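K.L.:
In our numbering, the protein residues as written are 1226 to 1322.
(1) For residue 1291 versus residue 1250, is the C-beta distance shorter than 8 Å?
(2) Tell me the rounded alpha-carbon separation between residue 1283 and residue 1303.
(3) What are the residues that DSSP puts in a beta bridge with residue 1296?
(4) When the Cα atoms are used, what is the spatial distance from residue 1241 to residue 1322?
(5) Output the distance between the C-alpha atoms of residue 1288 and residue 1236, rounded to the nearest integer angstrom.
(6) Taking only the alpha-carbon atoms, compute the straight-line gap between residue 1268 and residue 1296 and give it to the nearest angstrom.
(7) Among the candidates 1314, 1254, 1305 and 1315, whose CA atom is the shortest distance from the CA of residue 1270?
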């Protein structure tokens, strides 16, 4: 039986390898900003919050790379935003500028 752990390093590394390290919300890339120091750095976001208690059989499909700022914004309120909702907010702000 697979023991689910939100801090499973191998799961995180596989997600980074499969999905890359650009933020899937704003496309920020840590290596572009910080050079080699930012290599392979990105946070991994669960589409279904761990706190919901729902577990998918295919956990890897539940993961997305996000930068630290977008990750905080996704979880800012009690009801977590979806990635698309946060992308829409960013786009609306660009339009208003």
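Here a beta-carbon is modelled for each residue, glycine too, at the ideal position from N, C-alpha and C. These numbers come from a predicted model, not from an experiment.
P.N.:
According to the structure shown:
(1) yes
(2) 25 Å
(3) For residue 1296, which the question treats as bridged, DSSP gives no partner whatsoever.
(4) 33 Å
(5) 9 Å
(6) 7 Å
(7) 1305
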